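Residue 88 is where the sequence shown starts when you use this note's numbering, and the numbers rise one by one after that. For every residue, glycine included, the Cβ atom is placed at its ideal position computed from N, Cα and C. Computed from a prediction, not measured in an experiment: that's the story for all the values here. Written out below as C-alpha cells is the structure these notes cover.
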Amino acid sequence: MSCASITEMVARNLCTGCGACAGAFPNHIKMVDDPVNGRRPVAAETPQGRRAEKEAVAWCAGGDSDWRDLNRTDAIDRDWGPVLAAWEGWAQDDEIRHRGSSGGAVTALAHFALTSGTANGVAHIAARADDPRLNEAVISRNRAGLLRGAGSRYAQASPAESLGAIAQGNEKVAFVGKPCDVASVHKAMRTDLSLAAKIPLTIAIFCAGAPNLVATDRLLDRLGVPRDARLVDLRYRGAGWPGLMQAEWVDRDGSQHHSTGITYAEGWGRILQSERRWRCRVCADHSGAFADISVGDPWHAPPNGETDAGRSLIIARTPRGRAFVVAAIRAGVLVAEARPRDVIAAAQPNLKATHGAVWGRRMAMRTIGLRAPRDRGQGLLRLWLGLPLKEKLQSVAGTWKRIWRERLWRRVTIRGIAR
Ligand SMILES: Cc1cc2nc3c(=O)[nH]c(=O)nc-3n(C[C@H](O)[C@H](O)[C@H](O)COP(=O)(O)OP(=O)(O)OC[C@H]3O[C@@H](n4cnc5c(N)ncnc54)[C@H](O)[C@@H]3O)c2cc1C
Ligand code: SF4
Ligand code: SF4
C-alpha cells in the first residue's frame, strides 16, 4: 500500500531503495547509505523537498505495483509473470562471460543495446571507486563502462537514480536493475510517457534480497580485511560461475593484499542473507516480471566447482524483449539455446514457495495494523494456498515473531553512513 510521501514509505519499511524518487527530484531528494536500514531516500526539509516527497510517490513501486496489465496467459505466467520464451546461454565475449555473475548475459545484452543502436547508454550500477563497499548509479556508453558493473553486488544499490539524467537528456538509455528497481522504472514510464520513449529496453536480474552495509562489513571481516585498510576491490560474484567472494586492499604501509576467496554458498548463506532488509522478505517479485528481459542463475544445471565457465538463464517478458534476445543470438554476441518456458521453476525451486509465503507474511502484518506492499492482480493468495499447512502457519506465525523481535512497528529513520 502506498503512503502519502516517500518519507512515509521509508518510515513504514515499504521502501526498496530503488532510487526512483531521487531520480525524479535530484535537487530535493538524496539517497543516503544507512548501515542498518539500507540505501534510502531523504527529502530536504524545505517547501520544495516537502512537495517533492509527495509527488515522487507516482514513480515509486515500493508500496504497490499493478500486475493486471501484464500479459499472462497460462499457469507459468500466473506463477512467474509473463514468460514469452526462455534460453540458457552466455556472452560470446570471453571476458564478459568470465567477469559476469553467471554467464555475463546481462552485460552482453547491454553491450548489444549500444552496438545495435537500440540505446545510446545503459543505466546500471557499479562499485564506487572511493569505497567499493558502496554502489553508485552510472550510465555507460561503451564496453569498458559496462564491465564496471559485471558481477552481482550483494549489497544496497539504487540504479533508478539515473532516471533523472535520462528524463533530462535526449538520449535513449536501456536500464538494468533488480526486480524492484525495474518495477519503479515501469511505474515511472507509465506516469511519464516522454520518459518511457527514452527507455527502449529494461533488463532485470533475479534477486532474493539485498543485504545491508553491516553485512558487507561482516564479509570484509571474514575475508580478513583490516578495518583501517583502504579497500580497493570487493567482489561478491564473477570471475567464473558462481565465483568466489574476494577483496583487495592497501594497508597502512602502502602494500597491496588479496584475500583468499570464500565460496558463494558460505558468503551468501552464512554472512549476507540474514541481513536482507524486511522489505525484501515481503517482496513478491524476485524474477523481474515488469522487465522486457530478466536474467538469473540456471541452478537446475549447477556449476562444476566454484569458478566454472558461466551460464545464465534468460527470460523474455515482452515481445520487444524476445525480439532483442533473438537479434543478439543472431548477431553472435549471445550464445544461447532455447529452453521450455517452465525452466524458470526448475532453475529457481524455492522462489514460487517464497512468493506464496509472502501472502502470509503480508497478511500477518496487516492483522496487527502494519502497512504491507500490495501487488494488484498478482494472485499471491493462490500460491499461499498451494503451500503445505506447516509453511502456511510458519509464514504467519514466523512474521509475528519477527515483528516482535525486530520491533518492526517502529518508524525507520535514516542516519547516514558510518565510515
Ligand atoms: C542482491 C542480489 C540477489 C540475487 N539473487 C538471485 C537469486 O536468488 N537467484 C538468481 O538466479 N539470481 C540472483 N541474483 C542474480 C544473479 O546473481 C546474476 O546477477 C544474474 O544471473 C545475471 O548474471 P549475468 O552474468 O548475466 O549478469 P552480469 O553480466 O554479471 O551483469 C550483472 C548486472 O547486474 C547489475 N547489478 C549487480 N548488482 C546489482 C544490485 N545490487 N542492484 C542492481 N543491479 C545490480 C550490474 O550493474 C550488471 O549490469 C542476485 C543478484 C543480486 C545482486
Ligand atoms: S522510489 Fe524507490 S527509493 Fe524512493 S521511496 Fe520508493 S522504493 Fe524507496
Ligand atoms: S528482494 Fe525484492 S525488494 Fe529486495 S532487493 Fe530484491 S527485488 Fe528488491
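**OP:** Measure how close the beta-carbons of Pro266 and Ala291 come, nearest whole angstrom, since I'm counting them as under 8 Å.
**Re:** Within the sequence shown, the letter at position 179 stands for residue 266. Within the sequence shown, the letter at position 204 stands for residue 291. Confirmed, Cβ separation roughly 5 Å.
Original post:
Given that a residue counts as buried once 16 or more other Cβ atoms are within 10 Å of its Cβ, and exposed if not, what is Glu493?
Top reply: Position 406 of the sequence shown holds residue 493. Glu493 should be labelled exposed.
Original post:
Leaving out five residues before and five after Ala145 in sequence, what residues of the same chain have Cβ atoms less than 7 Å from its Cβ?
Top reply: Along the sequence shown, one-based indexing puts residue 145 at 58. For Ala145, where only same-chain residues beyond five positions count, the Cβ hits under 7 Å are Thr278.
Subject >> Between the CA atoms of Met96 and Cys90 - distance to the nearest angstrom >> reply: Indexing the sequence shown from 1 puts residue 90 at position 3. Indexing the sequence shown from 1 puts residue 96 at position 9. Rounded to whole angstroms, Cys90 to Met96 spans 6 Å at the Cα level.
Original post:
Counting only runs that start and end within the segment 387-474, where is the beta strand (DSSP E) found for 3 or more residues in a row?
Top reply: Taking only runs of at least 3 residues, the beta strand (DSSP E) segments lying wholly in the segment 387-474 are 399-403, 421-426 and 461-463.
Subject >> Nearest neighbour of Asp161, chosen from Ser152, Asp153 and Leu171 [CA to CA] >> reply: By one-based count along the sequence shown, residue 161 stands at place 74. Per the Cα distances, Leu171.
Subject >> Separation of Gly136 from Leu101, as counted between CA atoms >> reply: Counting from 1 along the sequence shown, the entry for residue 101 is found at position 14. Counting from 1 along the sequence shown, the entry for residue 136 is found at position 49. Approximately 20 Å, taken between the alpha carbons.
**OP:** With ligand 3 as the reference, list in chain order each residue whose Cβ lies under 5 Å from any of its heavy atoms.
**Re:** Thr103, Lys265, Pro266, Cys267, Cys294, Gly296, Ala297, Cys367 and Cys370
Original post:
Exposed or buried, which one is Asn455 when buried takes at least 16 other CB atoms within 10 Å?
Top reply: The residue labelled residue 455 in the question sits at position 368 within the sequence shown. For the sequence presented, residue 455 should be read as Ile rather than Asn. So Ile455 counts as exposed.
Subject >> Contact test: Arg407 Cβ vs ligand 1 heavy atom, cutoff 7 Å >> reply: Position 320 of the sequence shown holds residue 407. Because no heavy atom of ligand 1 lies under 7 Å away, the Cβ of Arg407 does not count as near it: no.
Original post:
On the premise that Leu221 lies in contact with Ala302, defined as a C-beta separation below 8 Å, what is that separation, rounded to the nearest angstrom?
Top reply: In the sequence shown, the residue the question calls residue 302 occupies position 215. In the sequence shown, the residue the question calls residue 221 occupies position 134. Ala302 to Leu221, Cβ: 13 Å. No contact.
**OP:** Leaving out five residues on either side along the sequence, give the residues of the same chain with a beta carbon under 7 Å from the beta carbon of Arg506.
**Re:** Numbered from its first residue, the sequence shown carries residue 506 at position 419. A caution first: Arg506 carries a pLDDT of 34, below 50, which makes its placement in the model unreliable, though a value can still be read off. Within the same chain, and ignoring the five residues on either side of Arg506 in sequence, no residue has its Cβ closer than 7 Å to its Cβ.
Original post:
CB-CB under 6 Å to Ile72, same chain, minus the five flanking residues each way: which ones, in chain order?
Top reply: A query on residue 72 cannot be resolved here, the shown segment of the chain reaching from 88 to 506 and no further.
Original post:
By Cβ distance below 8 Å, which residues in the same chain neighbour Met276 in space, the five residues on each side in sequence not counted?
Top reply: Here residue 276 refers to the residue found at position 189 of the sequence shown. Counting only Cβ-Cβ distances below 8 Å, and skipping sequence neighbours, we find Leu282, Ala283 and Ile286.
**OP:** Give the DSSP bridge partners of Asn114, in chain order.
**Re:** Along the sequence shown, one-based indexing puts residue 114 at 27. Answer is none; Asn114 lacks a bridge partner.
Original post:
Should Val263 and His185 be called a contact, given that it needs their Cβ atoms to be closer than 8 Å?
Top reply: Against the sequence shown, residue 263 aligns to sequence position 176. Against the sequence shown, residue 185 aligns to sequence position 98. A distance of 8 Å or more separates the beta carbons of Val263 and His185.
**OP:** Could you work out which residue in Arg463, Leu400, Gly356 and Val269 is closest to Ala433 when comparing CA atoms only?
**Re:** By one-based count along the sequence shown, residue 433 stands at place 346. Ranking the options by Cα distance to Ala433, first place goes to Leu400.
Original post:
Thinking C-alpha only, which one of Trp491, Val499, Arg489 and Thr103 is nearest Ala295?
Top reply: Here the question's residue 295 lines up with position 208 in the sequence shown. Distance check between Ala295 and each of Trp491, Val499, Arg489 and Thr103 places Thr103 closest, using alpha-carbon atoms only.
Original post:
Nearest CA to the CA of Ala242: which residue from Lys274, Asp218 and Ser227?
Top reply: Walking along the sequence shown from the start, residue 242 turns up at place 155. Nearest C-alpha to Ala242: Asp218.
Original post:
Between Leu233 and Val209, is the Cβ-Cβ spacing less than 8 Å?
Top reply: Along the sequence shown, read from residue 1 onward, the residue named residue 233 stands at position 146. Along the sequence shown, read from residue 1 onward, the residue named residue 209 stands at position 122. Cβ distance < 8 Å, so Leu233 and Val209 count as in contact.
**OP:** Could you please give me the residues that DSSP links to Val382 through a beta bridge?
**Re:** Numbered from 1 along the sequence shown, position 295 holds the residue referred to as residue 382. Answer is Ile292 and Ile401, bridged to Val382.
Original post:
Pick from Pro389, Glu140, Ala316 and Pro475: whose alpha carbon is nearest that of Ala352?
Top reply: Against the sequence shown, residue 352 aligns to sequence position 265. Of Pro389, Glu140, Ala316 and Pro475, the residue nearest in Cα terms is Pro389.
Original post:
What is the residue span of the alpha helix (DSSP H) that Arg357 lies within?
Top reply: As a first step, residue 357 must be located in the sequence shown, where it is residue number 270. Run containing Arg357: none; DSSP gives neither H nor E here.
Original post:
For Arg506, which three-state DSSP category applies?
Top reply: Mapped onto the sequence shown, residue 506 falls at position 419. Per-residue confidence for Arg506 stands at a pLDDT of 34, beneath the threshold of 50, marking its modelled position as unreliable; the derived number appears in the next sentence. Of the three classes helix, strand and coil, the one that applies to Arg506 here is coil, per DSSP.
**OP:** Give every residue of the same chain whose Cβ lies closer than 7 Å to the Cβ of Ala206, excluding the five residues on either side of it in the sequence, and list them in chain order.
**Re:** If you number the sequence shown from 1, residue 206 lands on position 119. Counting only Cβ-Cβ distances below 7 Å, and skipping sequence neighbours, we find Ala200, Lys259, Val260, Ala261, Pro287 and Leu288.
**OP:** Please report how far the alpha carbon of Arg159 lies from the alpha carbon of Glu362, in whole angstroms.
**Re:** Taking the first residue of the sequence shown as 1, we reach residue 159 at position 72. Taking the first residue of the sequence shown as 1, we reach residue 362 at position 275. Cα to Cα, Arg159 sits roughly 33 Å from Glu362.
Original post:
With burial defined as no fewer than 16 other Cβ atoms inside 10 Å of the residue's Cβ, what is the status of Asp180: buried or exposed?
Top reply: Here residue 180 refers to the residue found at position 93 of the sequence shown. It is buried - the Cβ of Asp180 has at least 16 other Cβ atoms within 10 Å.
**OP:** Give a single yes or no on whether Met96 has its beta carbon closer than 7 Å to a heavy atom of ligand 2.
**Re:** Numbered from its first residue, the sequence shown carries residue 96 at position 9. Flag set: Cβ of Met96 near ligand 2.
Original post:
Mind pulling the alpha helix (DSSP H) runs of 4 or more residues that sit fully within the segment 91-155?
Top reply: Segments of the alpha helix (DSSP H) lying fully in the segment 91-155: 93-98, 107-111 and 134-142.
**OP:** Over the uninterrupted alpha helix (DSSP H) stretch that includes Asp279, give me the two end residues.
**Re:** Working through the sequence shown from its first residue, we reach residue 279 at position 192. Boundaries cannot be given for Asp279, as no alpha helix (DSSP H) includes it and DSSP labels it neither H nor E.
Original post:
If Ala316 and Asp338 are in contact, beta carbons under 8 Å, what's the gap, nearest whole angstrom?
Top reply: If you number the sequence shown from 1, residue 316 lands on position 229. If you number the sequence shown from 1, residue 338 lands on position 251. The Cβ separation is near 5 Å, so the contact holds.
Original post:
Can you find a heavy atom of ligand 2 that lies under 7 Å from the Cβ of Gly149?
Top reply: In the sequence shown, counting from the first residue as 1, residue 149 sits at position 62. Correct: Gly149 has its Cβ closer than 7 Å to ligand 2.
Subject >> Cβ-based neighbour list, Phe377, same chain, cut-off 6 Å, excluding 5 preceding and 5 following >> reply: Numbered from 1 along the sequence shown, position 290 holds the residue referred to as residue 377. Contacts found: Val269, Ala270 and His273.
Subject >> Proximity winner among Gln435, Pro436, Asn437 and Ala459, relative to Trp446 (alpha-carbon distances) >> reply: Numbered from its first residue, the sequence shown carries residue 446 at position 359. In this structure, Ala459 is the residue among Gln435, Pro436, Asn437 and Ala459 with its C-alpha nearest to the C-alpha of Trp446.
Subject >> Reference Leu300, options Asp151, Pro427, Trp167 and Val119, closest by Cα >> reply: On the sequence shown, residue 300 is found 213 positions in, with the first residue counted as 1. Leu300 has its Cα closest to that of Val119, out of Asp151, Pro427, Trp167 and Val119.
**OP:** Keeping to the same chain, check which residues put their C-beta closer than 6 Å to that of Val420; ignore five residues upstream and five downstream.
**Re:** Against the sequence shown, residue 420 aligns to sequence position 333. Taken in chain order, the residues that qualify are Gln179, Ala195 and Phe199.
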